[in-house]
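Student: The structure follows.
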Amino acid sequence: MAAESTQTAFTEFTNPNLEVLFSEQDIKQRIRELGDQITADYAGKELVLVGVLKGSCIFLADIMRHIDLPLSIDFMSVSSYKDQMRSTGDVEILKDLSNPIRDKHVLVVEDIIDTGLTLSRLLEILGSRGVASIKLASFLDKPEPRIKKELVVDYTGFVIPNKFVVGYGLDAAGRYRNLPFIAVVKDPSAA
Ligand code: IMP
Ligand code: MG
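With this note's numbering applied, the sequence shown covers 3 to 193.
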């Protein structure tokens with residue numbers, strides 16, 4: 003039988019390179035509030051939630067269970083960042099919606115708005131399809147690096163400082179989407 007190790011074994015969720023910004027509890031509470039607000043604002047209407055892959059998947063899955071309205075979901079995939087930590091400004095549609103959105107009330111669901119370049123372009127594209135209305139819900143809003151100052155974020159989970167964050171769907175080069183909290187990576191060069 004192997005001797006018990008006295009070394010502390012960190013897991014992905016207890017990685018000391020992560021500094022928690024919003025806990026699982028903070029997030030649950032805020033999602034509930036946002037869901038109630040959206041439910042009230044769209045009372046009597048049907049809603050199409052458009053998730054922007056991949057970052058919004060957890061936010062979308064959580065918030066839709068707090069929106070007490072008839073709704074459907076669809077997904078878009080656009081490339082703007084690839085594996086880098088900064089925006090290129092170019093938006094390429096990698097996957098378009100599965101269904102038409104003409105005459106629908108569309109709520110675009112995003113993980114984070116940073117420069118706003120991706121979302122501004124996406125809202126232009128979707129807004130030109132004859133929708134009844136189009137609004138934007140973003141789990142996080144990082145206003146400082148905003149280039150598209152005119153972009154309106156209708157529903158925001160949390161406003162954050164200009165730091166690179168991960169978890170709750172957000173990644174750094176594909177990693178950390180599974181963290182149940184939002185964290186800052188203290189040393190991005192450390193594994
Ligand atoms: P924008 O065009 O600069 O607003 O880009 C927004 C996209 O950049 C988000 O959907 C994320 O994929 C990515 N992004 C921006 N900031 C962060 C961050 O702090 N962590 C992880 N991804 C980010
Ligand atoms: Mg994204």
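Cβ coordinates follow ideal geometry from the N, Cα and C atoms, glycine included.
(1) Thinking residue 61 and residue 141 are a contact (beta carbons under 8 Å), I'd like their distance in whole angstroms, please.
(2) Determine the extent of the alpha helix (DSSP H) in which residue 63 is found, giving its start and end residues.
(3) Threshold first: 3 residues or longer. Then list the beta strand (DSSP E) segments lying entirely within the segment 92-133, N to C.
(4) What's the call for residue 175, buried or exposed, on a 16-neighbour Cβ count within 10 Å?
(5) For residue 178, which residues from the same chain have a beta carbon less than 6 Å from its beta carbon, with the 5 sequence-adjacent residues on both sides left out?
(6) Report back the beta-carbon spacing between residue 22 and residue 108 to the nearest angstrom; my notes put them in contact at under 8 Å.
(7) Measure from the alpha carbon of residue 110 to the alpha carbon of each residue in 29, 185, 55, 31, then state which is nearest.
(8) Return helix, strand or coil for residue 148, following the three-state DSSP convention.
(9) Is there at least one non-hydrogen atom of the ligand IMP closer than 8 Å to the beta-carbon of residue 139?
(10) Give every residue of the same chain whose Cβ lies closer than 8 Å to the Cβ of residue 171, excluding the five residues on either side of it in the sequence, and list them in chain order.
(11) With the cut-off set at 9 Å, would you say residue 80 and residue 123 are in Cβ contact?
(12) Which residues in the same chain as residue 143 place their Cβ atom closer than 6 Å to its Cβ, once the five residues preceding and following it in sequence are excluded?
(13) Going along the chain, which residues of its own chain have a beta-carbon closer than 8 Å to the beta-carbon of residue 148, five neighbours each way excluded?
(14) Between the Cα of residue 47 and those of 135, 78, 182, spot the shortest distance and give me the residue it belongs to.
(15) Who are the near neighbours of residue 182 in its chain, counting only those whose CB is closer than 6 Å to its CB and skipping five residues on each side?
(16) Taking the beta carbon of residue 24 as the centre, do at least 16 other beta carbons fall within 10 Å, making it buried, or is it exposed?
(17) Mapping the DSSP letters down to three states, classify residue 36 as helix, strand or coil.
(18) Going by the DSSP bridge assignment, what does residue 23 pair with across the sheet?
Tutor: The relevant details are as follows:
(1) Along the sequence shown, read from residue 1 onward, the residue named residue 61 stands at position 59. Along the sequence shown, read from residue 1 onward, the residue named residue 141 stands at position 139. So it is a contact: roughly 4 Å between Cβ atoms.
(2) As a working note, residue 63 is residue 61 in the sequence shown. Residue 63 -> alpha helix (DSSP H) spans 59-66.
(3) 94-97, 107-115
(4) Position 173 of the sequence shown, counted from the first residue, corresponds to residue 175. Using a 10 angstroms sphere on the CB of residue 175, the tally of other CB atoms stays under 16, which defines it as exposed.
(5) Position 176 of the sequence shown, counted from the first residue, corresponds to residue 178. Excluding positions up to five away in sequence, the list reads 168, 169.
(6) The count along the sequence shown starts at 1 and reaches residue 22 at position 20. The count along the sequence shown starts at 1 and reaches residue 108 at position 106. Not confirmed; about 33 Å, so no contact.
(7) Residue numbering aside, residue 110 sits at position 108 when the sequence shown is read from its first letter. Of the candidates 29, 185, 55, 31, the one whose C-alpha sits nearest the C-alpha of residue 110 is 55.
(8) For the purposes of this step, residue 148 is taken as the residue at position 146 of the sequence shown. In the structure shown, residue 148 sits in coil (DSSP, three-state: anything other than H, G, I, E or B).
(9) Residue numbering aside, residue 139 sits at position 137 when the sequence shown is read from its first letter. No; taking the cut-off as 8 Å, the Cβ of residue 139 has no heavy atom of the ligand IMP nearer than that.
(10) Within the sequence shown, residue 171 is the residue found at index 169, counting from 1. Contacts found: 56, 57, 58, 59, 60, 61, 113, 141, 179.
(11) In the sequence shown, the residue the question calls residue 80 occupies position 78. In the sequence shown, the residue the question calls residue 123 occupies position 121. Yes.
(12) Here residue 143 refers to the residue found at position 141 of the sequence shown. Taken in chain order, the residues that qualify are 115, 155, 158, 161.
(13) Position 146 of the sequence shown, counted from the start, is the residue given in the question as residue 148. These residues qualify, in order along the chain: 115, 116, 117, 118.
(14) Taking the first residue of the sequence shown as position 1, residue 47 is located at position 45. Considering only alpha carbons, the answer is 135.
(15) Position 180 of the sequence shown, counted from the start, is the residue given in the question as residue 182. Counting only Cβ-Cβ distances below 6 Å, and skipping sequence neighbours, we find 26.
(16) Within the sequence shown, residue 24 is the residue found at index 22, counting from 1. Buried: at least 16 other Cβ atoms inside 10 Å.
(17) Counting from one through the sequence shown, the residue named residue 36 turns up at place 34. Residue 36 falls in the helix class under three-state DSSP.
(18) Here residue 23 refers to the residue found at position 21 when the sequence shown is read from its first residue. For residue 23, which the question treats as bridged, DSSP gives no partner whatsoever.
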